[in-house]
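**Q**
Chains as they are written, first to last, in the numbering used here: chain A, 1 to 290; chain B, 291 to 1025.
If you want it as structure tokens, here you go:
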């Protein structure tokens, strides 16, 4: 199939892009890597009158640590994230996540910002960012604002971004002593969207108790899910088998999956439990907690 | 002749052209003034078109025509042939017989405009109640003769007393097995380019058999067959679905005639699900029993598969039970039911692949019940002659395949009981199964021509499905003509060339290979005769038997020689050619002919997620002569990978309410890709088979898939203790 007709804009600056978005508030979509948007248009599951291609705007692709944060440019390719030395060394959870997104050909084009801004609960980065307590930076006509990730996903394909805003940066707190994270995904076959997936992040204090916990879940409800109750449960606990299992059980209760070709509701919920247990275990291992 | 080329692992000659994009597939052939046709297909499974509104589409710029049953040219003839041809729907009436049936074609000056126009067509249909569930029609199941291996076979066969044999065994298994609807999904979709010049028609088609396309179109359009030329130079995978000329082929020719322009028509991926066949679902029952020592006392294999309302295809799942294991009592039975679906068709190892899943799973279950090694059970009932009729096998090295496979794989390390071995938290399981596929051979013709420059040109109207036909037939001819491989060009894929059979049934190497061999031999003999009667030749007056072909020359035992270049120059400088023709004789009356093999698979099963990873497969095959070690290996490799897809992924899921396949693209119709595949080791044991065909070849395209899914399912049982009798083995079935 081919998309319905649209106008294509390739602004040279962010300001220009924002202005274009403001000009067509109902009818424009930002084109970043295009790996979600173009199939959508091509299959006519969606349409847009104007595509604003941000591919020509300089300075949107970077990965750097600055001010206690990992800063990822909105248009950074998944393949760049996957290969980044600093990410491989200090943020293995991001490598876990990036390397299970679709296939290498898609990852050469797909962008981290796009993966979040699309608002698809089946995408992989949202759960990880929820677990890590990330922030996203949005640029609009009235300037830049920072949105905490847990306020970002509002509904199915719906985010806190205003129609004239562009996601320009993702900020992730730098790892502290005793921290570790992991992302574990179940897919029907390599390259598929998750049947279920879980991201876990823990900070273990010097006394061996969990000081911070983050759990995010993929494709288990209309939005990416932050398993708050399970996170709370873990605080102050020793990260031992029984506690992790209980946290996983609580996390699974937070899911609202729908039945589809990937499985029944009960099945997905059970998988959420198993995967969260595994993600937590791996996160604890990486945190040096065993 | 010395064989210097046959067997060598030459790289595929078309490989470079394919990876660089230089190879023009049928749709890509540049035809001047071509316009584009895009099909409109039905959204319902059964009914009648009451109204079809094409006005909006016709108003669009660039649209030449929208053709439906209302305005389509009436075909003067019924475009249907005997044999494996399929009944088509070429816009001749208002009936809707299955979902995704072509009901109109939009023709425009660009592909995009044609797509757009097709989307603007509005159809008002009267919906009739449909049935797409085999279960709902079981009461109407009926037997039908089976077209397999180029001949009609009986649906039922029985010898001995199976009921008594089943009771006589020390252990018995009686179980039901299922394989799902599957869809071929070659990378290259079906595509046809049709171009008329008066009443002459040229067609570039994604086809496995140009001669059938030619005859079908000639019949449908009421023109002499010699007026139709069909060309297929490259095929991007076919696996059986391009073995028949389906509706779109006739529609492309019809549209081209109606708009008086050449028309290019390709199916979208979505349109590949329904109108161009697929492997039908099978519901099978297998009963096997054996004595304590593993000797089988009875085999019963029954299967039901669906066909369409208007045509017949039988998935011959129970045929192999007739020939595979020694047993005094064997019964096999095929039934079909009619559903409101597009006609299913041959899909890689039709019958053998689906049937071997059931039979070889049952054998594994029997071994488990007897507390016997599954391999030992198979050896205990090793058939020394064909159990169906007592004929000797023309060659059979299955025992060696078992032994070599077990050794390479490390079968002795197989866990004795399920859930007893783990690796990084996953259960390890090992399974095996037997592979068997008939050695088919059909009449074929070829032409061999020696050119004045001393190089040869050989041709036959066969197809290279990606199998290596361009390469291996040049190897055969090179050896017969005593030429280096580089000096022989082999061409194919044109109905103006000598006639070849359908490129299917693993018989192209045997059939066309034999024709090429015979043609090349005839050419060599003619060149020898030319030399010995030529007074200027150093070979003048010698006896033909003294002369051999070597390095582009004819060489006598005395050492005297004459080159092809000189020979042709003296004979007038014109190319010299000979034709060759082969056909099966009565050798199949005397011998049973099959390729055999043994699969060994290791799986890792996640106990909590139910995911299965095939970590290792070893397949050892014996299938006569190997023409090219590299292309043959690729065939086995492809078959084994297909086995992984069949075992774990492939499933055309029907929405029973709407009567259509829901998994209509490659993100929902899963096939195994590189990242899904672990280590795969295909090996072959060469056989000398003097009976099977002149080339000594038994075929490699399908054997590698036979039994592969069963070996994996058996490994899953060995890992988990769970017997999955319904493919594909998805994680939910293991939890």
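Just so it is clear, CB atoms sit at the ideal spot from N, CA and C, and this is done for glycine as well. None of the values given here were measured: they were computed from a predicted structure.
Given a threshold of 16 other Cβ atoms within 10 Å of its Cβ, counted over all protein chains shown, does residue 876 of chain B qualify as buried or as exposed?
**A** The residue is exposed, with fewer than 16 neighbouring Cβ atoms inside 10 Å.
**Q** Spatial neighbours of residue 403 of chain B within its chain, please: CB distance less than 8 Å, with the 5 preceding and 5 following residues excluded, ordered by chain position.
**A** Around residue 403 of chain B: 326, 350, 351, 352, 353.
**Q** Looking at the C-beta of residue 899 of chain B, does it have a partner C-beta in chain A at a distance below 8 Å?
**A** Yes, residue 899 of chain B counts as interfacial toward chain A.
**Q** Rounding to the nearest angstrom, what Cα-Cα distance links residue 846 of chain B and residue 772 of chain B in this structure?
**A** Answer to the nearest angstrom: the Cα atoms are 13 Å apart.
**Q** In terms of residue numbering, what span does the beta strand (DSSP E) encompassing residue 513 of chain B cover?
**A** No beta strand (DSSP E) holds residue 513 of chain B; DSSP gives it neither H nor E.
**Q** Going along chain B in order, which residues have a C-beta closer than 9 Å to the C-beta of residue 263 of chain A?
**A** Ordered by position in chain B, the residues that pass the 9 Å Cβ test against residue 263 of chain A are 1020, 1021, 1022.
**Q** Verify the CB distance criterion: does residue 958 of chain B have a CB-CB separation below 8 Å to chain A?
**A** Cβ-Cβ to chain A under 8 Å: yes for residue 958 of chain B.
**Q** Would residue 774 of chain B be called buried (16 or more neighbouring beta carbons within 10 Å of its own) or exposed?
**A** So residue 774 of chain B counts as exposed.
**Q** Please classify residue 786 of chain B: is it buried, with 16 or more other beta-carbons within 10 angstroms of its beta-carbon, or exposed?
**A** Residue 786 of chain B is exposed by the Cβ-count criterion.
**Q** Apart from the five residues just before and just after residue 494 of chain B, which ones in its own chain have a Cβ nearer than 6 Å to its Cβ?
**A** Closer than 6 Å at the Cβ level, and outside the excluded window around residue 494 of chain B, lie 316, 319, 483, 521.
**Q** In the DSSP output, what is residue 779 of chain B paired with across the bridge?
**A** Bridge partners of residue 779 of chain B: B:747.
**Q** Are residue 279 of chain A and residue 180 of chain A touching if we call contact CB-CB under 8 Å?
**A** Result no, Cβ atoms of residue 279 of chain A and residue 180 of chain A do not sit closer than 8 Å.
**Q** Between the beta-carbon of residue 167 of chain A and the beta-carbon of residue 190 of chain A, is there less than 8 Å?
**A** No, these two residues do not count as a Cβ contact at 8 Å.
**Q** Going along the chain, which residues of the segment 72-95 of chain A sit with their C-beta nearer than 8 Å to a C-beta in chain B?
**A** Those would be none; no residue qualifies.
**Q** Flag this pair as yes or no: are the beta carbons of residue 734 of chain B and residue 804 of chain B separated by less than 8 Å?
**A** It is a contact, given that the beta carbons lie within the stated cut-off.
**Q** Does any residue of chain B bring its CB to less than 8 Å from the CB of residue 186 of chain A?
**A** Yes, because at least one Cβ of chain B sits closer than 8 Å to the Cβ of residue 186 of chain A.
**Q** Report buried or exposed for residue 145 of chain A, applying the criterion of at least 16 other Cβ atoms within 10 angstroms of its Cβ.
**A** Exposed is the call here.
**Q** When the cut-off is 8 Å and only beta carbons count, does residue 655 of chain B lie next to chain A?
**A** It does not; no Cβ of chain A falls within 8 Å.
**Q** I'd like to confirm the pairing. Which residues does DSSP put opposite residue 591 of chain B in its beta bridges?
**A** The partner list for residue 591 of chain B (beta bridge, DSSP) reads B:576, B:622.
**Q** Could you tell me how far apart the beta carbons of residue 14 of chain A and residue 52 of chain A are, in whole angstroms, since I believe they sit closer than 8 Å?
**A** That pair is no contact at about 11 Å.
**Q** Suppose you measure from the CA of residue 193 of chain A to the CA of residue 122 of chain A; what does that come to, to the nearest Å?
**A** Their backbone Cα atoms lie some 6 Å apart in a straight line.
**Q** For residue 995 of chain B and residue 332 of chain B, I'd like the C-alpha separation in whole angstroms.
**A** Straight-line Cα distance between these residues: approximately 34 Å.
**Q** Below 8 Å on C-beta distance, what does residue 966 of chain B contact in chain A?
**A** Simply 189, 190.
**Q** Since residue 469 of chain B is in the beta strand (DSSP E), which residue starts that stretch and which ends it?
**A** Residue 469 of chain B -> beta strand (DSSP E) spans 461-469.
**Q** Looking at the strands, I want to know which residues DSSP matches up with residue 636 of chain B.
**A** Answer is none; residue 636 of chain B lacks a bridge partner.
**Q** For residue 291 of chain B and chain A, any beta-carbon pair shorter than 8 Å?
**A** Caution is warranted here: a pLDDT of 45 is assigned to residue 291 of chain B, below 50, making its placement in the model unreliable, and the coordinate value is therefore given only provisionally. Not an interface residue.
**Q** What in chain A is Cβ-close to residue 943 of chain B, meaning under 8 Å?
**A** Chain A residues near residue 943 of chain B: 261.
**Q** Can you tell which of B:449, B:362, B:552, B:718 has the C-alpha that lies nearest to the C-alpha of residue 587 of chain B?
**A** Selected option, being the one with the closest Cα: B:449.
**Q** Nearest CA to the CA of residue 295 of chain B: which residue from B:611, B:764, B:978?
**A** When each option's Cα is compared against that of residue 295 of chain B, the closest is B:764.
**Q** Would you decide whether residue 241 of chain A is buried or exposed? Buried here means 16 or more other CB atoms lie within 10 Å of its CB.
**A** With fewer than 16 Cβ atoms within 10 Å of its Cβ, residue 241 of chain A is classed as exposed.
**Q** At what residues does the beta strand (DSSP E) containing residue 446 of chain B begin and finish?
**A** That run of the beta strand (DSSP E) goes 446-449.
**Q** Please state the DSSP three-state secondary structure of residue 997 of chain B.
**A** Reduced to three states, the DSSP call for residue 997 of chain B is coil.
**Q** Near residue 420 of chain B, what residues of its chain come up, given a Cβ to Cβ distance below 6 Å and the 5 sequence neighbours on each side ignored?
**A** So the list reads 335, 336, 630, 949, once near-sequence residues are dropped.
**Q** Given the structure, does residue 703 of chain B come close to the ligand FMN, in the sense that its CB is under 7 Å from one of the ligand's heavy atoms?
**A** Looking for the ligand FMN in the displayed structure turns up nothing, as the structure carries no ligands at all.
**Q** Quick one: what does DSSP say residue 377 of chain B is sitting in, helix, strand or coil?
**A** In this structure, residue 377 of chain B counts as coil in the three-state DSSP scheme.
**Q** Can you confirm whether residue 100 of chain A, when its beta carbon is compared against all beta carbons of chain B, has any partner nearer than 8 Å?
**A** Output row for residue 100 of chain A: interface = no.
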